[in-house]
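Those protein sequences? They're chains A and L, same order as listed.
In the numbering used here, each number is its position in the first sequence, counted from 1, plus 608.
Under the numbering used here, the second sequence has 118 at position 127, and the numbering climbs by one with no breaks.
Below: the structure, in structure tokens.
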Amino acid sequence: MKYVAPGQPGSIVTVEPRYENFIGGKWLAPVQGKYRTDLSPATAGPITEVAQSTPEDVELALDAAHAAKDGWAEKSAAERAAVLNSIADAVEANKEMLAVAESWENGKPVRETLNADIPLVVDHFRYFAAAARAEEGRSTEIDKDLVAYHFREPLGVIGQIIPFNFPLLMAAWKLAPALAAGNCTVLKPASPTPWSILKLAEVIEDVLPAGVINIVTGPGAEIGKALAANPRIAKIAFTGETVTGRLIMQYAAQNIIPSTVELGGKSPNIFFSDVIASDDEFLDKAVEGLVLYAFNKGEVCTCPSRALIQADIYDEFMSRALDRIKTIRQGNPLDTATQLGPQVSAQQLEKIASYVEIGRNEGAQVLTGGQRAQIGGEFSDGYFFQPTVLKGDNKMRVFQEEIFGPVLAVTTFTDEADALAIANDTLYGLGAGVWTRDGTRAYKMGRAIKAGRVWTNCYHQYPAGAAFGGYKISGIGRENHRMMLDHYSQTKNLLVSYSTKPLGLF
Amino acid sequence: MPQTPARVTATPAAREAITRLRAARGGPVMFIQSGGCCAGSTPMCYPAGEFITGDTDVLLGEIDGCPFYIDQRLDAAWRQDEFILDIEAGQPEGFSLPAGPDLHFVTRSPACLAPAAPPQPFERRDG
Chain A
609 MKYVAPGQPG SIVTVEPRYE NFIGGKWLAP VQGKYRTDLS PATAGPITEV AQSTPEDVEL
669 ALDAAHAAKD GWAEKSAAER AAVLNSIADA VEANKEMLAV AESWENGKPV RETLNADIPL
729 VVDHFRYFAA AARAEEGRST EIDKDLVAYH FREPLGVIGQ IIPFNFPLLM AAWKLAPALA
789 AGNCTVLKPA SPTPWSILKL AEVIEDVLPA GVINIVTGPG AEIGKALAAN PRIAKIAFTG
849 ETVTGRLIMQ YAAQNIIPST VELGGKSPNI FFSDVIASDD EFLDKAVEGL VLYAFNKGEV
909 CTCPSRALIQ ADIYDEFMSR ALDRIKTIRQ GNPLDTATQL GPQVSAQQLE KIASYVEIGR
969 NEGAQVLTGG QRAQIGGEFS DGYFFQPTVL KGDNKMRVFQ EEIFGPVLAV TTFTDEADAL
1029 AIANDTLYGL GAGVWTRDGT RAYKMGRAIK AGRVWTNCYH QYPAGAAFGG YKISGIGREN
1089 HRMMLDHYSQ TKNLLVSYST KPLGLF
Chain L
-8 MPQTPARVTA TPAAREAITR LRAARGGPVM FIQSGGCCAG STPMCYPAGE FITGDTDVLL
52 GEIDGCPFYI DQRLDAAWRQ DEFILDIEAG QPEGFSLPAG PDLHFVTRSP ACLAPAAPPQ
112 PFERRDG
């Protein structure tokens, strides 16, 4: 089925002419009164206008968060969990609406937002509601009269900056643990995708205490530093690219606050010969596992953008994979049959095209795709790029740099040692995939790959409860797991003496 | 000025953008080549001194007094001798300053400007 585009008659998504910042439970116009047009990448046409905020707006959001933080921190775990569960319920009740809004603003196919993004948002809030309830402090009997009590206390007000590729899911990954641990937040969405998060705010504003979540939209150059370097935040959490990650860690160092950063990746997806040992369901799954490079148009930090295929099965396995890639349906992201939507912006499209050119110039062989896709009709100006496969060598730039598009770089390896050497020959260490029917090999490879997440006989699954984060320059910290509560709290130790005896020193 | 020959040059449009930025801000800016992910592979432009560079950053050169750096690990992985600073339509990414209204800085490689350039030799791993 095809959903009607937001704002059009009959759409399940209502669109206001303009959206203000969500601050202190209210919709506040930006202080300087500036707005900018928010585009749909499918048509390059406008959706609405969003606030073009300035540092004054960040200060207003911080005022609201600080006003709310003591009340929120004092709530019991049960009360906080109830709010998180209410958020989950509200999102679930508006699943289709949010899925369509997210798809239209980001370009990702609605089949993905309906089946992955929005259900994962719902589950994420429920997971952290449960984690908050199950959280316990520890006490230690140092000796019979001296006891160390450890309490987890909230940090206060958190600054959170998220990327454009999973606007709602990345918001949930940041918001849920911060709130569960008793913090208030100021969130800055990515410049290309501010609107779906404001639709989320509309959905949850009635169940959310004022000021606990505040959302300020605008360009990074204007408000990024105003938030990340602000002495009124107690922690900064960021997902994005490496230079901005470094800058954010510098700001955090200057304020002596913690930071968690989830940065880029160039993830290897490794296929051993035995995947084709039998023509069965598992082989079908492995072929799909390779084609998952096109998931979310390749705009994923963990995109399996380097396929390493054992040389003796290369021809047969790649032939099956290319057949599958040729069946990818590209077009209207609001059509549930569509598998590949437009890239998020014209800039991304340009960048992807230039990388393919770089690959060609390096001698990479274009096995399929390689250029902008012409969809035609109302989508002729959309930012579509053909699903592309480049065959080459791991030393090539297209194997080393993150393209953030539906571009796969494929090469071959001889044996386990060779596969491991190629897999680890990268600056990044966010994700990896290993495909084999040999459990021992899968385990050894998984442990030896220098990456925070090694999908084994699967890829691109992001269940709450499985820790996610980077090795090497892919970042610091983990998300998606109850250990996040540690990232969003600090330890209070009460060291209590139950003895009446003086020390006897003075 | 760098001791070694500059590895970065700028197109006239990029130079004009830098001149405008300098005039508007009353001081120089700096560039850091970004290395990937959502906002990646574009040069980030900050007020001079905003980004603290260290021994692991390589100064590729200066453009009108504005330094251009790349992380040495990226530099080693990319193996790109020359960088050409240019501008394109669209908003900048990350915390980068715009190159003008709805303009952002980009870097190009000479290979991209001259598609007929011969491919670089590589040790092929093909089986």
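The C-beta atom is built at its ideal place from N, Cα and C for all residues, glycine as well.
Remember, it's a predicted structure, so these values are computed and weren't measured experimentally.
For chain L, find out if any of its Cβ atoms is closer than 8 Å to the Cβ of I864 (chain A); answer yes or no.
What you label residue 864 (chain A) is simply residue 256 of the first sequence in a count that begins at 1. Cβ-Cβ to chain L under 8 Å: no for I864 (chain A).
If you run the structure through DSSP and keep just helix, strand and coil, what is Q616 (chain A)?
Within the first sequence, residue 616 (chain A) is the residue found at index 8, counting from 1. The answer is coil: DSSP assigns Q616 (chain A) none of H, G, I, E or B.
The beta strand (DSSP E) that contains D1094 (chain A), what's its start and end?
As a first step, residue 1094 (chain A) is located in the first sequence; it is residue number 486 there, counting from the start. It is not in any beta strand (DSSP E) - D1094 (chain A) instead sits in the alpha helix (DSSP H) that spans 1092 to 1095.
So is D62 (chain L) buried or exposed if we call it buried at 16+ other beta carbons inside 10 Å?
For the purposes of this step, residue 62 (chain L) is taken as residue 71 along the second sequence, with counting starting at 1. D62 (chain L) comes out buried.
Should G18 (chain L) be flagged as near chain A, meaning a C-beta pair shorter than 8 Å?
The residue you call residue 18 (chain L) lines up with position 27 of the second sequence. By this cut-off, G18 (chain L) is not an interface position.
H1089 (chain A), DSSP secondary structure in three states
Mapped onto the first sequence, residue 1089 (chain A) falls at position 481. Coil.
With a cut-off of 8 Å, do at least 3 Cβ pairs link the segment 1041 to 1049 of chain A to the segment 925 to 933 of chain A?
no
With distances taken between CB atoms, is the gap from P912 (chain A) to Y1067 (chain A) smaller than 8 Å?
Position 304 of the first sequence, counted from the first residue, corresponds to residue 912 (chain A). Position 459 of the first sequence, counted from the first residue, corresponds to residue 1067 (chain A). Going by C-beta atoms, P912 (chain A) is nearer than 8 Å to Y1067 (chain A).
Does the Cβ-Cβ distance between S875 (chain A) and L1038 (chain A) come in under 8 Å?
As a first step, residue 875 (chain A) must be located in the first sequence, where it is residue number 267. As a first step, residue 1038 (chain A) must be located in the first sequence, where it is residue number 430. The answer is yes: Cβ separation under 8 Å.
Using alpha carbons as the reference points, say which of A:R968, A:V708, A:A685, A:Y859 lies closest to S648 (chain A).
As a first step, residue 648 (chain A) must be located in the first sequence, where it is residue number 40. It is A:V708.
Starting from the Cα of Y643 (chain A), find the closest Cα among A:P1071, A:W803, A:E687, A:G848 and give me that residue.
Along the first sequence, one-based indexing puts residue 643 (chain A) at 35. Y643 (chain A) has its Cα closest to that of A:W803, out of A:P1071, A:W803, A:E687, A:G848.
In DSSP terms, what M609 (chain A) is bridged to
Looking up residue 609 (chain A) in the first sequence gives position 1. In DSSP, M609 (chain A) forms no bridge with anything.
Boundaries of the alpha helix (DSSP H) in which R1045 (chain A) is found, first to last residue
For the purposes of this step, residue 1045 (chain A) is taken as the residue at position 437 of the first sequence. First-last for R1045 (chain A): undefined, no H or E at that position.
At 7 Å on the CB atoms, spell out the chain A contacts of M21 (chain L), in chain order.
Position 30 of the second sequence, counting from 1, holds the residue named residue 21 (chain L). Going along chain A, no residue has its Cβ under 7 Å from M21 (chain L), so there is no contact; the nearest lies around 11 Å.
Between C36 (chain L) and A837 (chain A), what straight-line distance do the alpha-carbon atoms span, to the nearest angstrom?
Numbered from its first residue, the second sequence carries residue 36 (chain L) at position 45. Numbered from its first residue, the first sequence carries residue 837 (chain A) at position 229. So the two alpha carbons sit approximately 17 Å from each other.
When the Cβ atoms of the segment 4 to 21 of chain L are set against those of the segment 1097 to 1107 of chain A, are three or more pairs found closer than 8 Å?
no
Run through DSSP, which three-state label would R626 (chain A) get?
Mapped onto the first sequence, residue 626 (chain A) falls at position 18. Residue state, collapsed to three classes: strand.
From E970 (chain A) to Y922 (chain A), what does the alpha carbon distance come to, in whole angstroms?
Walking along the first sequence from the start, residue 970 (chain A) turns up at place 362. Walking along the first sequence from the start, residue 922 (chain A) turns up at place 314. Cα to Cα, E970 (chain A) sits roughly 21 Å from Y922 (chain A).
In this structure, how does DSSP classify I766 (chain A) when only helix, strand and coil are distinguished?
Against the first sequence, residue 766 (chain A) aligns to sequence position 158. Three-state result, I766 (chain A): strand.
Would you call A789 (chain A) buried or exposed, if buried means 16 or more other Cβ atoms sit within 10 Å of its Cβ?
As a working mapping, residue 789 (chain A) is identified with position 181 in the first sequence. Burial call: buried.
Kindly list, in the order they appear in chain A, the residues whose Cβ is closer than 7 Å to that of Q63 (chain L).
Counting from one through the second sequence, the residue named residue 63 (chain L) turns up at place 72. Here the premise fails: no neighbours, minimum Cβ distance about 11 Å.
Is the beta carbon of T976 (chain A) less than 8 Å from the beta carbon of T996 (chain A)?
Translated into positions along the first sequence, residue 976 (chain A) becomes position 368. Translated into positions along the first sequence, residue 996 (chain A) becomes position 388. Yes; because the gap between Cβ atoms is below 8 Å, this pair is in contact.
I want to verify the contact list: residues of chain A whose CB lies under 7 Å from the CB of G81 (chain L), in sequence order.
Mapped onto the second sequence, residue 81 (chain L) falls at position 90. Chain A residues near G81 (chain L): S953, A954, Q955.
Compare the C-beta of L88 (chain L) with all C-beta atoms of chain A and state if any pair is closer than 8 Å.
As a position in the second sequence, residue 88 (chain L) is number 97, starting the count at 1. Yes, because at least one Cβ of chain A sits closer than 8 Å to the Cβ of L88 (chain L).
When burial is assigned at 16 or more other CB atoms within 10 Å of the CB, is K1109 (chain A) buried or exposed?
In the first sequence, residue 1109 (chain A) corresponds to position 501, counting from 1. Classification of K1109 (chain A): exposed, given that the 10 Å Cβ count is below 16.
Taking buried to mean at least 16 other C-beta atoms within 10 Å of its own C-beta, is Y757 (chain A) buried or exposed?
Stepping through the first sequence from its first residue, residue 757 (chain A) is reached at position 149. Exposed, by the Cβ-count rule.
Within the continuous alpha helix (DSSP H) that includes P771 (chain A), where are the two ends?
The sequence position of residue 771 (chain A) within the first sequence is 163, counting from 1. Taken as a continuous stretch (DSSP letters only), P771 (chain A) belongs to no alpha helix (DSSP H), as it is neither H nor E.
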